[in-house]
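Worksheet for the structure shown next.
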Amino acid sequence: MNGVGFLAIVIGSVAVSAAANRRGWPGPLVVVVVASAVSLLPGLPRMELPPELILAFVLPPLLYSAALELSFVSFRRDLLPIAALGVGLVVFSATAVGLVAWWLFPALTVGGAFVLGAVLAPSDAVAAVALGRRLGMPNRVMTILTGESLVNDAVALVAFELAVAAYTGYRPFIDRPVPLALYSVLVGVGVGLITAMVVHQIRPRLHDPALETVFGAVVPFVAYLAASELHASGVLAVVAAGFWIGHHSADAAFATRLQSRQVWHTVDLVLEAFVFAYMGLQVSVILMDATLEGTGPLQLLLGVSVVLLVVLLARPLWIFALLSLNPSRLPRRYGVVLSWAGMRGVVTLAAAAAIPATTIAGVPAPDRNMIQAIALSVAVLTILVQGSTLQPLIRFLHISDTADRRRAEADLARALRVARRAAHDYTSRATTNGEEAVTMALIEHRIAHVLNASSHAQEPEQHDHELVQAILAHQRRALIRERDAGRLDDEVLRAVLQQLDYEEAAASTDLRTRL
């Protein structure tokens with residue numbers, strides 16, 4: 024794919040997604056459908072990206088952005104179901120698909136069957152977050168889905184490396200599964216944390232929000248590439264770095280936070296649209312590769328149908344087995360939604376494309392095109408089948424985020440009390456009695472504005488901007504202490520800090536205007 028083709032996909036996918044959103048349609052599904060239809064046009068060139076490009080430059084920013092926004096407190100609370108899905112379900116799905124594929128296609132080697140299983144094992148963070156936000160899933164479901172998708176990519180790629188070794192005869196860095204998995208996880212997480220800590224220490228010394236934002240934007244790429252060079256999990260390196268930076272984002276300057284937030288929202292918009300468009304465009308690649316290998320339409324249809332059925336059934340079987348062992352952990356309605364939200368995506372695409380073309384003996388890898396065709400077909404169909412029916416399922420189960428909104432309002436009210444108390448405490452120590460009346464009127468106005476409440480306090484026309492910044496800094500520290508003590512969720516903290524950042528930006532702009 025040349026630069027013109029890449030640019031055309033980006034512009035077209037963003038345009039289609041914007042049109043779908045205006046009509047209230049699910050943008051990801053519309054993009055996949057339109058791209059699938061476009062791929063069948065005669066004379067269209069083959070649209071393919073090198074797998075290393077997808078893994079190194081498309082996947083890291085998407086995973087990093089999701090990790091930045093995910094609440095560490097919520098992730099820690101649901102660590103058990105996230106680990107059960109992110110690790111256990113990957114192994115279960117890969118095994119189930121591999122065994123069925125080996126039975127279904129006698130000519131397929133054991134290694135080839137389990138390569139297919141590893142490729143189709145991980146659900147996709149991009150699809151989960153994009154569709155979940157659009158459908159208004161409860162926060163806990165979104166946390167589990169996102170956390171699972173961030174973890175299972177690394178587990179699936181380790182399984183893929185071992186399966187490819189059996190399939191082609193190439194030896195992996197460590198040829199035993201458990202030591203390889205432990206090395207990949209520990210070194211990957213370590214690289215991610217070290218990268219994040221170094222960036223966290225250097226960035227404030229740049230004293231330029233634009234430079235700080237750019238410096239922060241390279242974190243996912245550095246973490247991924249550094250871990251990959253050490254034969255560790257680049258995915259977990261990116262996730263660990265995102266968690267660290269996101270959890271410590273309150274330490275950055277307000278202008279850096281505001282700029283970074285907009286940058287990553289833009290990156291998400293463009294890359295999500297591109298990924299779904301690229302998935303749809305693989306329809307022509309699937310048909311072309313299957314034809315080149317001599318796979319008949321009925322054989323391909325049978326293989327795709329059976330493997331898709333196994334992929335769709337493995338997830339609910341695993342989830343409801345877990346719920347039966349520990350039913351109090353998660354409502355069954357949530358379990359139903361989780362079991363139907365396992366769309367495949369960018370990791371499946373990249374892994375399928377990364378299957379070696381030859382074995383260690385130099386001969387063509389057996390049934391490689393067929394494995395790729397089945398994997399890509401199943402990935403596209405999960406987006407279309409599960410994505411299009413997820414919203415009716417949520418409505419049928421009467422699941423909404425109303426309780427989450429009420430809880431968020433209560434948390435926001437608690438944050439208001441913390442911010443107001445911090446401001447009162449600061450002004451009682453830092454101002455004289457005459458100044459305090461004016462300053463407290465300013466505080467009441469700003470806190471009410473932060474929480475979108477009506478305020479009867481009038482902002483003084485003259486005020487000390489340094490005092491305003493000091494009050495806001497004191498409020499941030501108080502809110503962070505509440506978060507660290509477990510009394511305030513990361514998501515609420517970020518929402519309040521964002522409004523405080525806007526207030527500080529407005530005060531700084533007003534000061535520059537006066538000067």
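In terms of our numbering, the numbers along the sequence shown are unbroken and rise by one, the last being 538. The C-beta atom is built at its ideal place from N, Cα and C for all residues, glycine as well. No experiment lies behind these values; they were computed from the predicted model shown.
(message) Taking its Cβ as the centre, do 16 or more other Cβ atoms sit within 10 Å of Asn349, making it buried, or is it exposed?
(response) Burial call: exposed.
(message) Taking its Cβ as the centre, do 16 or more other Cβ atoms sit within 10 Å of Ala41, making it buried, or is it exposed?
(response) The residue is exposed, with fewer than 16 neighbouring Cβ atoms inside 10 Å.
(message) Helix, strand or coil for Thr381? Go by DSSP, reduced to three states.
(response) Thr381 falls in the strand class under three-state DSSP.
(message) Quick check: Asp232 and Ala278, are their CB atoms within less than 7 Å of each other?
(response) Going by the sequence as given, residue 232 is Pro instead of Asp. Taking 7 Å as the Cβ cut-off, Pro232 and Ala278 qualify as a contacting pair.
(message) Suppose contacts are defined by Cβ-Cβ distances below 7 Å. Is Gly135 in contact with Tyr193 by that definition?
(response) Not closer than 7 Å, so no.
(request) Compute the Euclidean distance between the alpha carbons of Ile4 and Arg367, then round it to the nearest angstrom. (result) Here the chain has residues from 24 to 538 only, and residue 4 is not among them.
(message) Less than 8 Å between C-beta atoms, sequence neighbours within five positions excluded: which residues of the same chain meet that for Ala38?
(response) Same-chain partners within the cutoff: there are none.
(message) Helix, strand or coil, according to DSSP, for Pro415 in the structure here?
(response) Residue state, collapsed to three classes: helix.
(request) Report the option in Thr450, Leu86 and Gly410 whose CA atom is closest to the CA atom of Ser256. (result) Closest by alpha carbon: Leu86.
(request) Give the secondary structure of Leu74 by DSSP, where H, G and I count as helix, E and B as strand, and everything else as coil. (result) A small fix is needed here, since residue 74 is Pro in this sequence, not Leu. Reduced to three states, the DSSP call for Pro74 is helix.
(request) To the nearest angstrom, report how far apart Phe419 and Val222 are at their CA atoms. (result) Roughly 46 Å between the two C-alpha positions.
(request) Decide if the segment 178-186 is in contact with the segment 426-441; the criterion is three or more beta carbon pairs, one per stretch, under 8 Å apart. (result) Short answer: they don't touch.
(message) Which of the three DSSP states is assigned to Pro227 in this structure?
(response) If DSSP states are grouped into helix, strand and coil, Pro227 belongs with the helices.
(message) Quick check: is any heavy atom of the ligand ADP less than 6 Å from the C-beta of Ile378?
(response) With respect to the ligand ADP, the structure shown offers nothing to examine, as it has no ligands at all.
(message) So, with DSSP's three-state summary, where would you put Pro387?
(response) Residue state, collapsed to three classes: strand.
(message) What would DSSP say about Tyr301, mapped onto helix, strand or coil?
(response) In the structure shown, Tyr301 sits in a helix (DSSP, three-state: H, G or I).
(message) Across the segment 80-94 and the segment 112-119, are there enough close Cβ pairs to call them in contact, namely three or more that are closer than 8 Å?
(response) Taking a cut-off of 8 Å on C-beta distances, the segment 80-94 does not touch the segment 112-119, as fewer than three cross pairs fall below it.
(request) Keeping to the same chain, check which residues put their C-beta closer than 6 Å to that of Ala43; ignore five residues upstream and five downstream. (result) Counting only residues of its own chain and dropping the five nearest sequence neighbours on each side, Ala43 has a CB closer than 6 Å to the CB of Gly50 and Val53.
(request) On a CA-only basis, which of Leu335, Leu173 and Ile397 is nearest Leu127? Give me that one, please. (result) Minimum Cα-Cα distance from Leu127 among the listed residues Leu335, Leu173 and Ile397 corresponds to Ile397.
(request) Identify, in the order they occur along the chain, each residue of the same chain with its Cβ nearer than 6 Å to the Cβ of Leu82, setting aside the five sequence neighbours on each side. (result) These residues qualify, in order along the chain: Val369.
(message) Helix, strand or coil, according to DSSP, for Asn456 in the structure here?
(response) Because the pLDDT of Asn456 is 49, which lies under 50, any placement of that residue in the model is unreliable, and the number read from its coordinates should be weighed accordingly. Asn456 falls in the helix class under three-state DSSP.
(message) According to DSSP, is Tyr449 part of a helix, a strand, or is it coil?
(response) Residue state, collapsed to three classes: helix.
(message) Quick check on the DSSP output: the alpha helix (DSSP H) that includes Leu259 runs from which residue to which?
(response) For Leu259, the enclosing alpha helix (DSSP H) stretches over residues Gly257 to His270.
(request) Leaving aside the five residues before and after Arg504 along the sequence, list all residues of the same chain whose C-beta is less than 8 Å from its C-beta, in chain order. (result) Non-local C-beta neighbours of Arg504 in its own chain, meaning closer than 8 Å and more than five positions away in sequence, are absent.
(message) Restricting to runs no shorter than 4 residues, where is the alpha helix (DSSP H) found entirely within the segment 135-171?
(response) Counting whole runs of 4 or more residues, the segment 135-171 contains the alpha helix (DSSP H) stretches 148-158.
(request) Can you have a look at Asp101 and say buried or exposed, based on whether 16 or more other CB atoms are within 10 angstroms of its CB? (result) Counting the other Cβ atoms within 10 Å of the Cβ of Asp101 gives 16 or more, which makes it buried.
(message) Looking at Ala58: is its Cβ nearer than 7 Å to the Cβ of Gly303?
(response) Going by beta carbons, Ala58 and Gly303 fall inside the 7 Å limit.
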